[in-house]
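> First the structure, then my questions, so here it is.
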Amino acid sequence: MAEDNGVLSSKIKIGVCVMEKKLTKVLSAPMRQILERLEAFGEFEIITFGDKMILEQPVESWPICDCLIAFYSSGYPLKKAEAYAALRKPFLVNELGQQHLLHDRRKVYERLEVFGIPVPKYALVNREFPYQELDYFVEQDDFVEVHGKRFWKPFVEKPVDGDNHSIMIYYPSSAGGGMKELFRKVGNRSSEFHPEVRRVRREGSYIYEEFMPTGGTDVKVYTVGPEYAHAEARKSPVVDGVVMRNPDGKEVRYPVLLTPSEKQMARDVCIAFRQAVCGFDLLRCEGKSYVCDVNGWSFVKNSYKYYDDAACVMRKMFLDAKAPHLSSTIPPTLPWKVNEPVQPSEGLTRQGSGIIGTFGQSEELRCVIAVIRHGDRTPKQKVKLKVTEEKLLNLLLKYNGGRPRAETKLKSAVQLQDLLDATRMLVPRGRSGRESDSDAEDLEHAEKLRQVKAVLEEGGHFSGIYRKVQLKPLKWTKVAKTTGEGEEERPVEALMVLKYGGVLTHAGRKQAEELGRYFRNNMYPGEGTGLLRLHSTYRHDLKIYSSDEGRVQMSAAAFAKGLLDLEGQLTPILVSLVSKDSSMLDGLDNASIEMEEAKARLHEIITCPRKGSNENGNAEVPWMLDGAGLPPNACGLLPKLVKLTKKITSQVKLLAKDEDEKLTQTGSYEVLPQYDQAKALGTTNIDVGRIAAGLPCGSEGFLLMYARWKKLERDLYNERKERFDITQIPDVYDSSKYDLLHNSHLNLESLDELFKVAQLLADGVIPNEYGINPSQKLKIGSKIARRLLGKILIDLRNTREEAISVAEPKSSMEQPLNGSRSITEELEAVSRCQLKIDDTRRLSSTSEKSLDQEDDDDKETQYRLDPKYANVRTPERHVRTRLYFTSESHIHSLMNVLRYCNMDDSLQGEASLVCDNALERLYKTKELDYMSYIVLRMFENTEVSLEDPKRFRIEMTFSRGADLSPLEYNDEVASSLHQEHTLPIMGPERLQEVGSCLTLERLEKMLHPFAMPAEDFPPPSAPQAFAGYFSKTGGVFERLASLWPFHKQANVTQGIDDGNTNGR
31 MAEDNGVLSS
41 KIKIGVCVME
51 KKLTKVLSAP
61 MRQILERLEA
71 FGEFEIITFG
81 DKMILEQPVE
91 SWPICDCLIA
101 FYSSGYPLKK
111 AEAYAALRKP
121 FLVNELGQQH
131 LLHDRRKVYE
141 RLEVFGIPVP
151 KYALVNREFP
161 YQELDYFVEQ
171 DDFVEVHGKR
181 FWKPFVEKPV
191 DGDNHSIMIY
201 YPSSAGGGMK
211 ELFRKVGNRS
221 SEFHPEVRRV
231 RREGSYIYEE
241 FMPTGGTDVK
251 VYTVGPEYAH
261 AEARKSPVVD
271 GVVMRNPDGK
281 EVRYPVLLTP
291 SEKQMARDVC
301 IAFRQAVCGF
311 DLLRCEGKSY
321 VCDVNGWSFV
331 KNSYKYYDDA
341 ACVMRKMFLD
351 AKAPHLSSTI
361 PPTLPWKVNE
371 PVQPSEGLTR
381 QGSGIIGTFG
391 QSEELRCVIA
401 VIRHGDRTPK
411 QKVKLKVTEE
421 KLLNLLLKYN
431 GGRPRAETKL
441 KSAVQLQDLL
451 DATRMLVPRG
461 RSGRESDSDA
471 EDLEHAEKLR
481 QVKAVLEEGG
491 HFSGIYRKVQ
501 LKPLKWTKVA
511 KTTGEGEEER
521 PVEALMVLKY
531 GGVLTHAGRK
541 QAEELGRYFR
551 NNMYPGEGTG
561 LLRLHSTYRH
571 DLKIYSSDEG
581 RVQMSAAAFA
591 KGLLDLEGQL
601 TPILVSLVSK
611 DSSMLDGLDN
621 ASIEMEEAKA
631 RLHEIITCPR
641 KGSNENGNAE
651 VPWMLDGAGL
661 PPNACGLLPK
671 LVKLTKKITS
681 QVKLLAKDED
691 EKLTQTGSYE
701 VLPQYDQAKA
711 LGTTNIDVGR
721 IAAGLPCGSE
731 GFLLMYARWK
741 KLERDLYNER
751 KERFDITQIP
761 DVYDSSKYDL
771 LHNSHLNLES
781 LDELFKVAQL
791 LADGVIPNEY
801 GINPSQKLKI
811 GSKIARRLLG
821 KILIDLRNTR
831 EEAISVAEPK
841 SSMEQPLNGS
851 RSITEELEAV
861 SRCQLKIDDT
871 RRLSSTSEKS
881 LDQEDDDDKE
891 TQYRLDPKYA
901 NVRTPERHVR
911 TRLYFTSESH
921 IHSLMNVLRY
931 CNMDDSLQGE
941 ASLVCDNALE
951 RLYKTKELDY
961 MSYIVLRMFE
971 NTEVSLEDPK
981 RFRIEMTFSR
991 GADLSPLEYN
1001 DEVASSLHQE
1011 HTLPIMGPER
1021 LQEVGSCLTL
1031 ERLEKMLHPF
1041 AMPAEDFPPP
1051 SAPQAFAGYF
1061 SKTGGVFERL
1071 ASLWPFHKQA
1081 NVTQGIDDGN
1091 TNGR
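Going by this note's numbering, the first residue of the sequence shown is number 31, and it counts up by one from there.
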């Protein structure tokens, strides 16, 4: 190569030295497109080496090149390539020596840490030979411990060999357990879930690292030199393992914006490994980013814009290395642009308001907030008994650290197995060593121990998500120490409380999944795939929250499966997509006193009708009366309820007796067909074998079914005190409804009659437990749902301010950019736009509060589609979805605040948020059953000014949940649903009049007195790269950058990066 007066007299030779089996990859579309563009500049000659030359000929006979593209693959003589580089000294795009590091994950992580690049928390387990026992490695049911560092499930297990792509994720028993294997794409799959695998591998050396929930998305970053990085998001293989492909069969990926810190990480990775063209994997978790793998040579596929950028960057790289005095200014028109095909742009149907009607074509859906009750479940159960048996007291001391006065909770499989072993030994021997007042008490104690044993044996496998035992010391005594020196305290009596049941049934999973599909097709107006398209293109900001209850978590996972059209079992979906928040979605403690008062008053109204007669309210508005909804003859229905409950109990007792006799005769624990709840977590079908065998549905045997009904009979009416306990009415209704739906094949006489009587009473009792009148309902509702209400207002405010932030710079940049504007004018326009964005950022950082410091919505909204690279018509379009899965208490509480908030003293004279027609329908609805929900959708009318309150409109709907009519009528439809054990979910109903306009401003005003103030939530950190959301700003920067010589652009790159480009 020679130079003459600043012009190349011969072309720069670029050698492509890779194995031929990789040529199809290297010279496939991306590489071919980039090399063709380099050749089009007229400055380069491309020379391709072949296998014969690389493997057989000495390096001295290889072509002499000025620049070399070379990277390792299987069978590639990397040492030989290094010898060639040492001999000819070409400019190396990717240095060869550093490529050895990429094949050992230990060295990759070590290198990343040396350069200060964040990686997940990890530990190394090094074995010299397979199955070597290591004293520093400990494995328990739900964690592994390496050198004292504990990794709780879910955790990730990676082979240290970088070429071994068999990566495992192990899930906790609380989520159902099991393991998911990730692997290189095979056909349409990239992972497989194995519910039976719970132990880690021991064949080799592994890295163990914490599992990072990323919302079901992985990010792949591609560098071309340290100053350029392009990022693409794809569906994570950890969710369901199904690869999303476009009509051409290629995996669907969408370009996303990198934050400033991520761009620095890309630069650091490039420099650390000395690989100019390099791909690496990025995990985004709770507002932070981590590098989890570095791949070496990688290019983006199917992006003409990226091909342009990569060719320009590599051209500058080669010229700087081999002709630094020459100008690397990019020509005004790129040489290949004339022949470049125009890319088709995919768009979305414009989305109107859907259910209530359209308010104009300019209205766009901005936010969907749904509060959803869990699906159909088994009845919740509790067993309490005082224990004095030595084996059980020893268990108490074993798991509470030997403290005689401390209580303990048993939840893990090992703990529950210990308890089962002890209980099995105690039941056959009765009550050895226990003193009692009567034979009846002895019999009851033995019966309860048998019940504990039956519960622990249920399902043939332990899962702490459904069973937990509490042991609480009641009495102590002094005993001599085993050493003979002095005395020590020991418990002699403890209270055992076993909680079980409340398990999401196959019907509950089916309901949740179908409701998710319904939301996908109906809550996001437009074609059914619209939501999936939004979600995959980073324009759908989805967050799913759940309470701590297993049935609620699994309902959330099943709903997500239907919403996002996922496949496979629920455990990986639960761990990947659902966040637990018990403080917001669990518990009634805040309103326990008021609820007890309501129950006492309710008892008075039902049992003493005259004393409980209503003195408040208006008969024309029946929902304003005390005890509204109770049947007029409630007192007379109670004896009938008790009589029918006894009748059912006596029938189940006979069935349980037969089962008990079989167990006694065989002495085996295997008489009942095994029912694996872990496997059942992912199914929505009935266990036909159990039904055909005449056994109860699910995992419940007749002994437990009898214990359930016997407890209801005993608690409902105290014969000695002649007193009814009305708080048991919902439980009787719950059990009768469950057995009528799931156990109708047992043909229990009078069960349907019991259901109707219990339903009449429960329809009045359940709503009134949350307040005997609207005033008390509002008080209790605001205490229970205070945190949830605060979070909902934060969600809506965040969405509004984000929409305004997008709209303001967009409107300020409306003037078209053309040649008539000077560079100074364009800079001033950018400056004004940037000032507005900065003001918005400051406003956001002070006014937007979130749930907690680590789980911050504001941080998540910085992850966006990159409009310059995306083949999408509306890249700025964005919808926020927040789903809150909870229990009946929070649904009632939220609904009570929505409909009665205007009764607060501070809002006198205001109309209710809920229209009169809807108030009447709610009064007649009574029950908010399984999968009932309340939805708030926010729309933005882009035709009105930003200051107009009507810019943001709220639409409120609700659903009663499961439709009980199949249980109330006997027809063909009812018969079909009985066979499936599943009730359909009622569609949404309006809470506002058609055509009404509830503004966000008014909703905030009405709910503010009852919501947790934003200032009580921990403050978020200032959002990063807020300017990066706006394509117009980036477009100006891009045009300005093109006016300067390319070699000067390095100095402004960081400024560009902070705008709307990915490291250009």
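All residues carry an ideal CB built from backbone N, CA and C; glycine is no exception.
Measure the Cβ-Cβ separation of ALA70 and TRP366 and say whether it is below 7 Å.
Start at 1 with the first residue of the sequence shown, and residue 70 comes out as number 40. Start at 1 with the first residue of the sequence shown, and residue 366 comes out as number 336. Closer than 7 Å, so yes.
> Look up PHE915 in the DSSP assignment and say whether it is helix, strand or coil.
The sequence position of residue 915 within the sequence shown is 885, counting from 1. Three-state result, PHE915: strand.
> Please report the Cβ distance between GLU985 and ARG967, rounded to the nearest whole angstrom; I am assuming they are in contact, meaning their Cβ atoms lie under 8 Å.
Translated into positions along the sequence shown, residue 985 becomes position 955. Translated into positions along the sequence shown, residue 967 becomes position 937. About 5 Å; that satisfies the 8 Å criterion.
> Which residues in the same chain have their Cβ closer than 7 Å to the Cβ of ASP896, if we skip the five residues on either side of it in sequence?
The residue you call residue 896 lines up with position 866 of the sequence shown. Closer than 7 Å at Cβ, skipping near neighbours: PRO285, VAL286, LEU287, ASN1092.
> Taking 8 Å as the threshold, find out whether the region 219-227 comes into contact with the region 168-179 through three or more Cβ pairs.
Flag = no, the region 219-227 and the region 168-179 do not touch.
> Tell me whether the region 678-685 and the region 973-980 touch, counting them as touching only if at least three CB pairs, one residue from each stretch, are closer than 8 Å.
Because the criterion of three Cβ pairs below 8 Å is not met, the region 678-685 and the region 973-980 do not touch.
> Which residues in the same chain as ASN620 place their Cβ atom closer than 8 Å to its Cβ, once the five residues preceding and following it in sequence are excluded?
In the sequence shown, the residue the question calls residue 620 occupies position 590. The answer, listed in chain order, is LYS813, ILE814, ARG816.
> With DSSP run on the structure shown, which of helix, strand or coil describes GLY592?
Residue 592 sits at position 562 when you count from the first residue of the sequence shown. In the structure shown, GLY592 sits in a helix (DSSP, three-state: H, G or I).
> Kindly indicate which residue of GLU222, GLY72, ILE84, ILE76 has the alpha-carbon position closest to the one of VAL48.
Position 18 of the sequence shown, counted from the first residue, corresponds to residue 48. Selected option, being the one with the closest Cα: ILE84.
> Can you find the residues in the same chain that come closer than 6 Å, C-beta to C-beta, to VAL343, ignoring five residues on each side of it along the sequence?
As a working note, residue 343 is residue 313 in the sequence shown. VAL254, GLY255, TYR258.
> Can you give me the C-alpha to C-alpha distance between GLN583 and TYR575, rounded to a whole angstrom?
Position 553 of the sequence shown holds residue 583. Position 545 of the sequence shown holds residue 575. Each residue's Cα considered, the two are about 8 Å apart.
> Would you call the CB atoms of LYS179 and ALA153 closer than 7 Å?
Residue 179 sits at position 149 when you count from the first residue of the sequence shown. Residue 153 sits at position 123 when you count from the first residue of the sequence shown. Taking 7 Å as the Cβ cut-off, LYS179 and ALA153 qualify as a contacting pair.
> Considering only the alpha carbon of each residue, which of ILE810, GLN500, ARG435 lies closest to ASN926?
Against the sequence shown, residue 926 aligns to sequence position 896. Of ILE810, GLN500, ARG435, the residue nearest in Cα terms is ILE810.
> DSSP three-state label for LYS137, please.
The residue you call residue 137 lines up with position 107 of the sequence shown. Reduced to three states, the DSSP call for LYS137 is helix.
> Have a look at GLU831 and GLU543 and give me their C-alpha separation to the nearest angstrom.
On the sequence shown, residue 831 is found 801 positions in, with the first residue counted as 1. On the sequence shown, residue 543 is found 513 positions in, with the first residue counted as 1. Rounded to whole angstroms, GLU831 to GLU543 spans 33 Å at the Cα level.
> Touch check for the region 124-139 and the region 318-337: three-plus C-beta pairs under 8 Å?
Touching, per the Cβ criterion.
> What do you reckon, are the CB atoms on LEU734 and ALA443 nearer than 7 Å?
Along the sequence shown, read from residue 1 onward, the residue named residue 734 stands at position 704. Along the sequence shown, read from residue 1 onward, the residue named residue 443 stands at position 413. Result no, Cβ atoms of LEU734 and ALA443 do not sit closer than 7 Å.
> Return helix, strand or coil for PHE785, following the three-state DSSP convention.
To locate residue 785, count along the sequence shown from 1; it is residue 755. Note: PHE785 maps to helix in three-state DSSP.
> Please list the terminal residues of the continuous alpha helix (DSSP H) segment that includes MET614.
Translated into the one-based positions of the sequence shown, residue 614 becomes position 584. Note, MET614: alpha helix (DSSP H), 612-615.
> Only counting runs of 3 or more residues, tell me where the beta strand (DSSP E) segments fall wholly within the region 101-174, in order along the chain.
Qualifying beta strand (DSSP E) stretches, in chain order: 152-155, 167-170.
> For ARG1032, report the span of its alpha helix (DSSP H) as first-last.
The count along the sequence shown starts at 1 and reaches residue 1032 at position 1002. Here the alpha helix (DSSP H) through ARG1032 covers 1030-1037.
> Within a Cβ cutoff of 6 Å, which residues of the same chain sit near GLU175, ignoring the five residues on either side of it in sequence?
Along the sequence shown, read from residue 1 onward, the residue named residue 175 stands at position 145. Excluding residues within five positions, the ones whose Cβ falls inside 6 Å are VAL168.
> Please report how far the alpha carbon of GLY45 lies from the alpha carbon of GLY80, in whole angstroms.
Taking the sequence shown and counting its residues from 1, the one referred to as residue 45 is at position 15. Taking the sequence shown and counting its residues from 1, the one referred to as residue 80 is at position 50. Rounded to the nearest angstrom, the two C-alpha atoms are 11 Å apart.
> Any contact of the region 262-270 with the region 287-296, i.e. 3+ C-beta pairs under 8 Å?
As far as the Cβ criterion goes, the region 262-270 does not touch the region 287-296, which means the pair count is below three.
> For chain B, check one thing: does any of its Cβ atoms lie closer than 7 Å to the Cβ of PHE223?
In the structure shown, chain B does not exist; there is a single protein chain.
> Expressed to the nearest angstrom, what Euclidean distance is found between the alpha-carbon atoms of LEU501 and VAL527?
By 1-based counting over the sequence shown, the position of residue 501 is 471. By 1-based counting over the sequence shown, the position of residue 527 is 497. One C-alpha to the other measures close to 7 Å.
> Do you know how far the Cα of PRO243 is from the Cα of ASP869?
Indexing the sequence shown from 1 puts residue 869 at position 839. Indexing the sequence shown from 1 puts residue 243 at position 213. At ASP869 the pLDDT is 42, less than 50, meaning the model places this residue with poor confidence and gives no usable figure here.
> With DSSP run on the structure shown, which of helix, strand or coil describes LYS498?
In the sequence shown, the residue the question calls residue 498 occupies position 468. Correct three-state label for LYS498: strand.
> Whole angstroms are fine: how far does the CA of SER104 sit from the CA of HIS133?
As a first step, residue 133 is located in the sequence shown; it is residue number 103 there, counting from the start. As a first step, residue 104 is located in the sequence shown; it is residue number 74 there, counting from the start. Straight-line Cα distance between these residues: approximately 11 Å.
> Going by beta carbon distance, what residues of the same chain come within less than 7 Å of ARG454, once the five residues before and after it are set aside?
Taking the first residue of the sequence shown as 1, we reach residue 454 at position 424. Hits under 7 Å: LYS483.
> Return the CA-CA distance between GLU281 and MET274, expressed in angstroms with no decimal places.
As a first step, residue 281 is located in the sequence shown; it is residue number 251 there, counting from the start. As a first step, residue 274 is located in the sequence shown; it is residue number 244 there, counting from the start. Answer to the nearest angstrom: the Cα atoms are 6 Å apart.
> Kindly indicate which residue of GLU515, ARG520, ARG750 has the alpha-carbon position closest to the one of LEU504.
As a working note, residue 504 is residue 474 in the sequence shown. Closest option to LEU504, Cα to Cα, is ARG520.
> For VAL282, which of helix, strand or coil comes out of DSSP?
Numbered from 1 along the sequence shown, position 252 holds the residue referred to as residue 282. DSSP places VAL282 in coil when its eight states are reduced to three.
> Grouping DSSP H, G and I as helix and E and B as strand, with all else coil, what is THR987?
Position 957 of the sequence shown holds residue 987. In the structure shown, THR987 sits in a strand (DSSP, three-state: E or B).
> Which class does ASP993 belong to by DSSP, given the choice of helix, strand or coil?
Taking the sequence shown and counting its residues from 1, the one referred to as residue 993 is at position 963. In the structure shown, ASP993 sits in coil (DSSP, three-state: anything other than H, G, I, E or B).
> When you compare only the Cα positions, how much space is there between GLU965 and CYS397?
Indexing the sequence shown from 1 puts residue 965 at position 935. Indexing the sequence shown from 1 puts residue 397 at position 367. Sequence check: residue 965 is Val here, not Glu. For VAL965 and CYS397, the distance between alpha carbons rounds to 10 Å.
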